[in-house]
Amino acid sequence: MIAKLRMRLNMNNIRFRNKMLIMYMLSVFIPVVMTNVIFYSITADNIRHQKKHDISLAVKQIRDDFQDQINAAAGISTVLYNDTLLWQYVRQPYDSLADYVEMYNSYISLMLEKYSPLYKTIQSITIYTTNDTIIYGGRVQPITDHIKQQGWYGRVIEASPSAVAIEKIESDLPGKPDTLSLFRRISGGEEGDNQPILLRLDFHPDLMEDVFRNVSLNGTLYLLQNDHLLYSTDSAATEAAISKPARGTLVFKESFPASYLMNWEVVGVFKEETVLADVRRSRQFVLYFAMLNLLVPTLIIILFNRSLNTRLIRILKQMKRVKNQTFEPIVEPETRDEIGQLTQAFNQMTLQIRRLINDVYVADIQKKELELKRNQAQLNALQSQINPHFLFNALETIRMRSLIKQENETAHIISNMAKIFRKSLTWGRDWVTVKEEIDLVVCFLEIQKYRFEDKLHYSIDVDPSVEQALIPKMTLQPLVENASIHGIEAVKRSGLINVSIQRTGDGLVCKVTDNGGGIEPDKLQALNDNLTQSEEMGEHVGIANVYYRLKLFYGDAVDFRLSSEPGVGTCVSIIVRESDGQAAVT
């Protein structure tokens, strides 16, 4: 299992195109994507934090601007609060109206009106008093029952004289905007003081507009007092937009540090998609930049890959053609890189192989053809003779016996002779069935038995399953003839020739056995050496011709065995392995 895994992980087993793809993924695609993702994440985080920081600073600036205006009004109230002469004039009783008018025009009016031109955010300054000797009007107003019923009046009276209270006064008249006012108690409220005096500074109605719109922010700003909405840049806004902000919104809150603005805060509500618009723009920039980073290396790698892979495939296809014996060089412009050098070396090798084929292989084929023609000539010489002595003797014997005995069996012998002549001289086929070969052998043995009568006996043992198997023509007849002439005729006793063809585990086994004189060991050794080592047939033409023809047809699929013992007999065995040879064809 580990060996298979190592083989799969071995880079040498991966195709070149896949190697280039892996290299592209590991060296270009994944690093570029990861780098841009990390870069975008960091950039987006930085932009998000920066935008939030900028908005927080803007909201804080609005708070500070608003507080500066309140602080200026509080400072004026402090100056007036510390003006004892002013409050003495307001508190003292006047015997005549002329005295009050003179005092009002000479001091009170000037004192209260001089701050409005300097501070545009202060619309008016009013004093509330219960002094009945004063002619109410202008900057001095009486404390009436209506005033006492106002919510701010009770809070101001209960506060300490030094405390500053900021109140939003709702307008009684339709269409008139509400007023933001600063209140401060000058006197009254303490035990024994039955003459309360209140100072009121009304801010200009445009104060909120000026303060809350001096920064360009794409959102809604709120001014809250104890979570109660005092002002909003969106006229349709309510407290719910702050207490329950919509999904995808950012809320920024800034409280006031001044004691008289305690529980006041400026709240900014912004849509996240608007605030993070720059983040989206940076994302598009990163995306385009990543596409550019991927496109350029991809085009370069494709060009290099095409330059390498196309030429390698061309070489591989040409090498496969060489495997099929097509020795053609690769036709392409000469290049100087390693693949170009490989192509040149391949072309040189191909031309050299083709030259060697023409010089060596063709010459070898011509030599083989000459040897084949030579073997064919020897075979033809063998076919043309089939031992003329045998034919002449046989014919002479037939002639003499037919003259003396006048027997009818002469016709049978002549018929056998005719068969032998017909089969031996007809060579249109190289292969015959076992049955056809046995018929030829029987004809020969019948003639021999006719010659030697009781001196010659024979037996034929053929497995019926091999009768239609194909073997080379004239395979057994020369061996039977050799056993008759050199084996039986050489002894005086009665002789036996046995022909056996069987199918065994070794293959097709053909045996020709005789009980003749046999062969001396040294002659048998010389005969075997001549068969396996020499191309010359020598004097044993029949056996040598059968051996060479079997090797020609079967090659290494045939075993030719010759064994003999003097005075006992000779056995020739032919074993054809049917899985390799043509003897198995039926």
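Residue 349 in the UniProt record's numbering sits at position 349 of the sequence shown, with consecutive numbering throughout. Cβ coordinates follow ideal geometry from the N, Cα and C atoms, glycine included.
Buried versus exposed, by CB contacts within 10 Å (16 or more), G518: Here residue 518 is taken as the residue at index 518 of the sequence shown, counted from 1. With 16 or more Cβ atoms within 10 Å of its Cβ, G518 is classed as buried.
If distances are taken between C-alpha atoms only, which option among L294, F203 and Q468 comes closest to H437? In the sequence shown, counting from the first residue as 1, residue 437 sits at position 437. Residue identity differs from the one stated: residue 437 is Glu in this sequence, not His. When L294, F203 and Q468 are compared, the shortest CA-CA separation from E437 is found for Q468.
Please report the straight-line C-alpha distance between I55 and F270, rounded to a whole angstrom. As a first step, residue 55 must be located in the sequence shown, where it is residue number 55. As a first step, residue 270 must be located in the sequence shown, where it is residue number 270. One alpha carbon belongs to I55, the other to F270, and they sit about 9 Å apart.
Under the assumption that I125 contacts V140 (Cβ atoms under 8 Å), give the Cβ distance between them as a whole number of angstroms. Counted from its first residue, the sequence shown places residue 125 at position 125. Counted from its first residue, the sequence shown places residue 140 at position 140. Not quite, the Cβ-Cβ distance comes to about 10 Å (not below 8 Å), so this is no contact.
With DSSP as the reference, label P31 as helix, strand or coil. If you number the sequence shown from 1, residue 31 lands on position 31. Residue state, collapsed to three classes: helix.
Does DSSP classify H457 as helix, strand or coil? Along the sequence shown, read from residue 1 onward, the residue named residue 457 stands at position 457. DSSP places H457 within a strand segment (E or B) once states are collapsed to three.
Measuring only the C-alpha atoms, how far is T78 from F183? Taking the sequence shown and counting its residues from 1, one reaches residue 78 at position 78. Taking the sequence shown and counting its residues from 1, one reaches residue 183 at position 183. Computed Cα separation, rounded: 11 Å.
Would you check if the stretch 436 to 456 and the stretch 518 to 533 touch, i.e. whether three or more CB-CB distances between them fall below 8 Å? At 8 Å Cβ cutoff, the stretches do not touch.
Taking 8 Å as the cut-off, decide whether the C-beta atoms of E481 and F444 are in contact. The residue given as residue 481 occupies position 481 in the sequence shown. The residue given as residue 444 occupies position 444 in the sequence shown. Less than 8 Å separates the beta-carbon of E481 from that of F444.
Would you call the stretch 255 to 262 and the stretch 161 to 176 in contact, with 3 or more CB pairs under 8 Å? Contact holds: three or more Cβ-Cβ distances are below 8 Å.
Own chain partners of V441 with C-beta closer than 8 Å, once the 5 adjacent residues on each side are dropped: Numbered from 1 along the sequence shown, position 441 holds the residue referred to as residue 441. Correct list, in chain order: I460, L476, Q477, V480 and V499.
DSSP-derived helix/strand/coil call for S41: Taking the first residue of the sequence shown as 1, we reach residue 41 at position 41. The answer is helix: DSSP assigns S41 an H, G or I state.
So if DSSP puts Q141 in a beta bridge, which residue, or which two residues, is it bridged to? Indexing the sequence shown from 1 puts residue 141 at position 141. Paired residue(s): Y128.
Look at the Cβ atom of I197, then the Cβ atom of T144, and state whether they are nearer than 8 Å. The residue given as residue 197 occupies position 197 in the sequence shown. The residue given as residue 144 occupies position 144 in the sequence shown. The answer is no: Cβ separation not under 8 Å.
Using the Cα positions of V28 and R321, report the straight-line distance between them to the nearest angstrom. As a working mapping, residue 28 is identified with position 28 in the sequence shown. As a working mapping, residue 321 is identified with position 321 in the sequence shown. A straight-line Cα-Cα distance of about 37 Å links V28 and R321.
Reducing DSSP to helix, strand and coil, say where A584 ends up. By 1-based counting over the sequence shown, the position of residue 584 is 584. Bear in mind that the predicted position of A584 carries a pLDDT of just 42, short of 50, making it unreliable; the figure below should be weighed with that in mind. In the structure shown, A584 falls within a helical segment according to DSSP collapsed to helix, strand and coil.
Is it the case that the Cβ atoms of residue 595 and R314 are separated by a distance below 8 Å? Here the chain comprises residues numbered 1 to 586, so residue 595 is not present and cannot be evaluated.
Report yes if the C-beta distance between L221 and S232 is below 8 Å; otherwise report no. Stepping through the sequence shown from its first residue, residue 221 is reached at position 221. Stepping through the sequence shown from its first residue, residue 232 is reached at position 232. If you check the CB distance, L221 and S232 come in under 8 Å.
Using only the alpha-carbon positions, how far apart do T35 and H53 sit? The sequence position of residue 35 within the sequence shown is 35, counting from 1. The sequence position of residue 53 within the sequence shown is 53, counting from 1. Going from the Cα of T35 to the Cα of H53 covers about 26 Å.
What is the DSSP secondary structure of T475, reduced to helix, strand or coil? Working through the sequence shown from its first residue, we reach residue 475 at position 475. Looking at T475 - three-state DSSP - the assignment turns out to be coil, as it is neither helix nor strand.
Alpha helix (DSSP H) containing T343: first to last residue? Residue mapping note: residue 343 aligns to position 343 of the sequence shown, counting from 1. Segment E338 to L356, the alpha helix (DSSP H) holding T343.
Could you work out which residue in L470, R155, I497 and T335 is closest to E446 when comparing CA atoms only? Indexing the sequence shown from 1 puts residue 446 at position 446. Answer by Cα proximity: I497.
CA-CA distance, Q50 and A58? Numbered from 1 along the sequence shown, position 50 holds the residue referred to as residue 50. Numbered from 1 along the sequence shown, position 58 holds the residue referred to as residue 58. If I take the Cα positions, the gap works out to 12 Å.
In whole angstroms, give me the CA-to-CA distance for W264 and F66. Translated into the one-based positions of the sequence shown, residue 264 becomes position 264. Translated into the one-based positions of the sequence shown, residue 66 becomes position 66. Distance from the CA of W264 to the CA of F66, rounded to the nearest whole angstrom, comes to 11 Å.
Thinking C-beta only, is A483 closer than 8 Å to V512? Within the sequence shown, numbered from 1, the residue matching residue 512 stands at position 512. Within the sequence shown, numbered from 1, the residue matching residue 483 stands at position 483. Their beta carbons are under 8 Å apart, which means V512 touches A483 by this criterion.
Assigned secondary structure, Q92 (DSSP; H/G/I helix, E/B strand, else coil): As a working mapping, residue 92 is identified with position 92 in the sequence shown. Under the three-state reduction of DSSP, Q92 is assigned to coil, being neither helix nor strand.
Taking 8 Å as the threshold (C-beta atoms), are G248 and E273 in contact? The residue you call residue 273 lines up with position 273 of the sequence shown. The residue you call residue 248 lines up with position 248 of the sequence shown. Contact flag set, yes.
Under 8 Å between C-beta atoms of V434 and I501: Position 434 of the sequence shown, counted from the first residue, corresponds to residue 434. Position 501 of the sequence shown, counted from the first residue, corresponds to residue 501. Yes; because the gap between Cβ atoms is below 8 Å, this pair is in contact.
Output yes or no for whether 8 Å exceeds the beta carbon distance between V267 and I62. Against the sequence shown, residue 267 aligns to sequence position 267. Against the sequence shown, residue 62 aligns to sequence position 62. No.
Helix, strand or coil for R213? Go by DSSP, reduced to three states. Within the sequence shown, numbered from 1, the residue matching residue 213 stands at position 213. Coil.
Skipping 5 residues on each side, what residues in its chain have a beta carbon closer than 7 Å to that of K168? As a position in the sequence shown, residue 168 is number 168, starting the count at 1. The answer, listed in chain order, is D178, L180 and L230.
Backbone secondary structure at A74 - three-state DSSP: Walking along the sequence shown from the start, residue 74 turns up at place 74. Helix, per DSSP.
Going by DSSP, which residues form a beta bridge with E254? Here residue 254 is taken as the residue at index 254 of the sequence shown, counted from 1. The partner list for E254 (beta bridge, DSSP) reads V266.
Can you tell me whether Y231 is helix, strand or coil according to DSSP? If you number the sequence shown from 1, residue 231 lands on position 231. In the structure shown, Y231 sits in a strand (DSSP, three-state: E or B).
Let me confirm a value: Y100 is counted as buried when at least 16 other C-beta atoms fall within 10 Å, else exposed. Which label applies? By 1-based counting over the sequence shown, the position of residue 100 is 100. By the 10 Å Cβ count, Y100 comes out buried.
In the structure shown, what three-state DSSP assignment does V576 receive? Counted from its first residue, the sequence shown places residue 576 at position 576. Strand at V576.
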